Amino acid sequence: MVGIYGGTFDPIHYGHLRIAEELLDSIGLNRIIFVPSGAPRLRATPVASRNHRAAMVRLAIQDNTMFSLDEREINRPGVSATVESLREYKSELGDGAILCFILGIDAFIKINQWYCWQELFGLCHIVIVARPGYAAINDDQNLPADIRKEFIARCVPDAGDLALQSSGFIFTAQTSLLEISASQIRSLIKTGKSIRYLLPGNVSDYIQSNRLYAGET
Numbered sequence: 005m006v007g008i009y010g011g012t013f014d015p016i017h018y019g020h021l022r023i024a025e026e027l028l029d030s031i032g033l034n035r036i037i038f039v040p041s042g043a044p045r046l047r048a049t050p051v052a053s054r055n056h057r058a059a060m061v062r063l064a065i066q067d068n069t070m071f072s073l074d075e076r077e078i079n080r081p082g083v084s085a086t087v088e089s090l091r092e093y094k095s096e097l098g099d100g101a102i103l104c105f106i107l108g109i110d111a112f113i114k115i116n117q118w119y120c121w122q123e124l125f126g127l128c129h130i131v132i133v134a135r136p137g138y139a140a141i142n143d144d145q146n147l148p149a150d151i152r153k154e155f156i157a158r159c160v161p162d163a164g165d166l167a168l169q170s171s172g173f174i175f176t177a178q179t180s181l182l183e184i185s186a187s188q189i190r191s192l193i194k195t196g197k198s199i200r201y202l203l204p205g206n207v208s209d210y211i212q213s214n215r216l217y218a219g220e221t
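Just so we're aligned, residue 5 is where the sequence shown starts under our numbering, counting upward by one.
Right, here's the structure in full:
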């Protein structure tokens, strides 16, 4: 099974990395591919450029052989669409490949706004992870009706179920919730405060040397 971890990573931090590390064990993933988005459709334009964000991910994961960087969305012109990348992965890895798309609760509760969102279930499993400030999905009544319908039909209680078929399940993973966010880090940098221990040292050095988030990106 392959984990696909998308996001702006603006910048990548220990919250992202710890979730990925725990999912390797708890779900039994063979590897995790980090896929920085190019131009997101449903959120503000990232502060750092595409190339800077990819470079920070590369630095953050360079010592972990189970992690890799994929720049396909960084290099794709126009607005990013997750479904396009997942279609490509299926074509490249084969229809039998088990893809687990890692998604924060904050994104999942709005997934019905994504381009061709229902097609995702034919391409991958959805693995939901905790996010600071968002309650766990314990009650499907918290979801919009169309998402709730899919959640009820597809939710599985055990990570082992993900290996039973190549796509179509929703699994809520129990991962450590580190109270770290990229917006918090950007705010600290903008106000001249320390970001030590919130993200890898080499990423912090990269941010400083390139004057990211301090008004010059």
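Beta carbons are placed, not taken as given, at the ideal position from N, Cα and C, and that holds for glycine.
Everything numeric in this text was worked out from a predicted model, so none of it was measured.
| query | result |
| --- | --- |
| Short CB-CB distance (under 8 Å) between I156 and chain B | The chain labelled as chain B is not found in the depicted structure, where only one protein chain is given. |
| For R22 and S185, believed in contact at Cβ under 8 Å, the rounded distance | Between R22 and S185 the Cβ distance is about 13 Å, and since that is not below 8 Å, they are no contact. |
| C-alpha distance - G205 paired with W121, whole-angstrom precision | 37 Å |
| Nearest-angstrom Cβ-Cβ length linking Y217 and I106, presumed shorter than 8 Å | About 24 Å separates the two Cβ atoms, so there is no contact after all. |
| Distance between beta carbons of I36 and M60, contact taken as under 8 Å | With a Cβ gap of about 16 Å, M60 and I36 do not count as contacting. |
| Rounded separation between A43 and G164 - CA only | 34 Å |
| Coarse secondary structure for R54, derived from DSSP in three states | helix |
| Cβ pair F125, E154 closer than 8 Å | yes |
| Every unbroken alpha helix (DSSP H) inside the segment 143-198 [4 residues or more] | 149-158, 186-194 |
| Backbone CA spacing between N116 and D150 [nearest angstrom] | 7 Å |
| Run of the alpha helix (DSSP H) containing F71, from where it starts to where it stops | Here F71 belongs to no alpha helix (DSSP H); instead the beta strand (DSSP E) covers 71-73. |
| L103 (DSSP reduced to helix, strand or coil) | strand |
| Cβ separation of R62 and D14, assumed to be a contact under 8 Å, to the nearest whole Å | Not really, about 15 Å apart at Cβ, beyond 8 Å. |
| Through-space distance from G219 to R158, alpha-carbon basis | 44 Å |
| Of the residues D74, S213, L97, I65, the one placed nearest P40, counting alpha carbons only | D74 |
| CB contact flag (I109, I174, <8 Å) | no |
| Secondary structure of G11, DSSP reduced to three states | strand |
| Supposed close pair V160, E123 - CB separation, criterion 8 Å | Rounded, the Cβ-Cβ distance is 20 Å, inconsistent with contact. |
| DSSP beta-bridge partners of I130 | F105, I174 |
| Proximal residues to I31 (C-beta, below 6 Å), its chain only, five neighbours per side dropped | A163 |
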